[in-house]
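Visitor:
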Amino acid sequence: MILNTHNLAVLFDEQLNSWEQAGSNYEALAKVLVKEITVDGFPFKVQFNPARIVSSAAKVDAKSISERKCFLCKENRPAVQKGLEYINNGNSENPYTVLINPFPIFPKHLTIPLLDHTLQLISGRFDAMLNLAKELPGYTLFYNGPKCGASAPDHFHFQAGNKGFLTIESELKNMERDQILHTNNTDVSLVKGIFSGLILIDSSSPEESNEIFEKILSVLPVKEQEAEPMVNILCWHEISEGEQGRFITLIYLRDKHRPSHYFAQGDSNILLSPAAVDLGGVLITPLEKDFHKISEREIKEIMDEILISESDTKAIVNKIKTVL
Ligand SMILES: [Zn+2]
């Protein structure tokens, strides 16, 4: 079956009824504890979600990855897990499959792998993210880089969650920006506030968005032994009345995979492995002790540590300006 809004609604119903693990995890999600904390004026939510331990504590080093069966490859997925096909740009040889994520954070949470077992690298594939954002009008798409929270860095995939969940979706319009580029279709800017190194591409044109994205990606620093710049990406399509739709893309520039709180011994330990959802404003703590402990101070420390510094941001923005 192909991806469309009707088939997706049918798939959700079917999977939640026929797949016990998914059904019970979605049911449990409705009862998870949530608290709100404002940090530097930005409204975060903290979600205590024990089922997410599989992702937050996932071993993503090369050895562990090579020793496990890839859970996104079709032949290793549970027989009960069904999907919808999405062909991007006529590439029917290697379509995407839209799957229900059995370990949800969102009331509606999708995982969207390519059919082929192909490394998690965004270059050349961002256009699919834009196109999927338009195909899935009720969802925000997200991408976690191989060293930025992806628990399958060996198999290319996006995820998506229902709109109205990540706090940044509504907060973005209140955040100050420094303009980087303005064209008839597109505004590129640096978003100020709690997230250092946050680039926004706001465009009515998916082609222009894609072109600008690739240019930005080409000047971002790549760490030694890594295959791409460290990024998390959020992308959604927004339609306001009487207006052309706009593609909103947020690129978070990362410095670190997991914060020192993750590795700390004793009281300062917090098992939080930040990825796109956390940077979208919803922090996931799989352990109850961390849910109660985490406060404004720890959130600020974690954000400062995992995102690039203000001085690096300045240098990168200057570089971006030279290629746009
Ligand atoms: Zn795979």
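Per our numbering, residue 37 is the first one in the sequence shown, and the count goes up by one each step.
For each residue, glycine too, the CB sits at the ideal point set by N, CA and C.
Only a predicted model underlies this, so the values are computations on that prediction, with no experimental measurement involved.
To the nearest angstrom, how far is the alpha carbon of residue 117 from that of residue 131?
Guide: Going from the Cα of residue 117 to the Cα of residue 131 covers about 17 Å.
Visitor: Can you tell me whether residue 190 sits near ligand 1, meaning its C-beta is under 7 Å from at least one heavy atom of the ligand?
Guide: yes
Visitor: Looking at the secondary structure, which residues open and close the beta strand (DSSP E) in which residue 121 lies?
Guide: 119-122
Visitor: If residue 344 and residue 286 are in contact, beta carbons under 8 Å, what's the gap, nearest whole angstrom?
Guide: At roughly 14 Å, the Cβ-Cβ gap does not stay under 8 Å, so residue 344 and residue 286 are not in contact.
Visitor: Is the beta carbon of residue 218 within less than 7 Å of some heavy atom of ligand 1?
Guide: no
Visitor: How big is the Cα-Cα spacing for residue 209 and residue 309?
Guide: 27 Å
Visitor: Where does the unbroken alpha helix (DSSP H) through residue 342 begin, and where does it stop?
Guide: 332-342
Visitor: Residue 88 and residue 320: beta carbons closer than 8 Å?
Guide: Yes, the Cβ-Cβ distance between residue 88 and residue 320 is below 8 Å.
Visitor: Exposed or buried, what is residue 224 when buried is set at 16 or more other beta-carbons lying within 10 Å of its beta-carbon?
Guide: Buried is the label assigned to residue 224, since at least 16 other Cβ atoms lie within 10 Å of its Cβ.
Visitor: Our contact map puts residue 187 next to residue 96 with C-beta atoms below 8 Å; I'd like the distance itself, whole angstroms only.
Guide: 6 Å
Visitor: Would you mind reading off the limits of the beta strand (DSSP E) that contains residue 196?
Guide: 193-198
Visitor: Which term fits residue 49, buried or exposed, when burial requires 16 or more other beta carbons within 10 angstroms of its beta carbon?
Guide: exposed
Visitor: Assuming residue 80 is part of the beta strand (DSSP E), what are its boundary residues?
Guide: 78-84
Visitor: I believe residue 109 touches residue 191 by the beta-carbon criterion, under 8 Å. Please report the beta-carbon distance rounded to the nearest angstrom.
Guide: 7 Å between Cβ atoms; contact.
Visitor: Alpha carbons only, please: which of 254, 78 and 193 is nearest the one belonging to residue 150?
Guide: When only C-alpha atoms are compared, the closest one is 193.
Visitor: For residue 168 versus residue 148, is the C-beta distance shorter than 8 Å?
Guide: yes
Visitor: Does the distance between the C-beta of residue 293 and the nearest non-hydrogen atom of ligand 1 fall short of 7 Å?
Guide: no
Visitor: When the Cα of residue 335 is compared with those of 346, 304, 349 and 354, which residue comes out closest?
Guide: 304
Visitor: With H, G and I counted as helix, E and B as strand and the rest as coil, what does DSSP make of residue 290?
Guide: strand
Visitor: Residue 208: beta carbon under 7 Å from a heavy atom of ligand 1?
Guide: no
Visitor: Express the C-alpha separation of residue 179 and residue 54 in angstroms, rounding to a whole number.
Guide: Looking at the two C-alpha atoms, the distance is approximately 28 Å.
Visitor: Enumerate in chain order the residues of its own chain whose CB-to-CB distance from residue 182 is below 6 Å, with the five nearest sequence positions on each side excluded.
Guide: 156 and 189
Visitor: When we look at the beta-carbon of residue 143 and count the other beta-carbons within 10 Å, is it buried (16 or more) or exposed?
Guide: The C-beta of residue 143 has fewer than 16 other C-beta atoms within 10 Å across all chains shown, which makes the residue exposed.
Visitor: Should residue 196 and residue 166 be called a contact, given that it needs their Cβ atoms to be closer than 8 Å?
Guide: no
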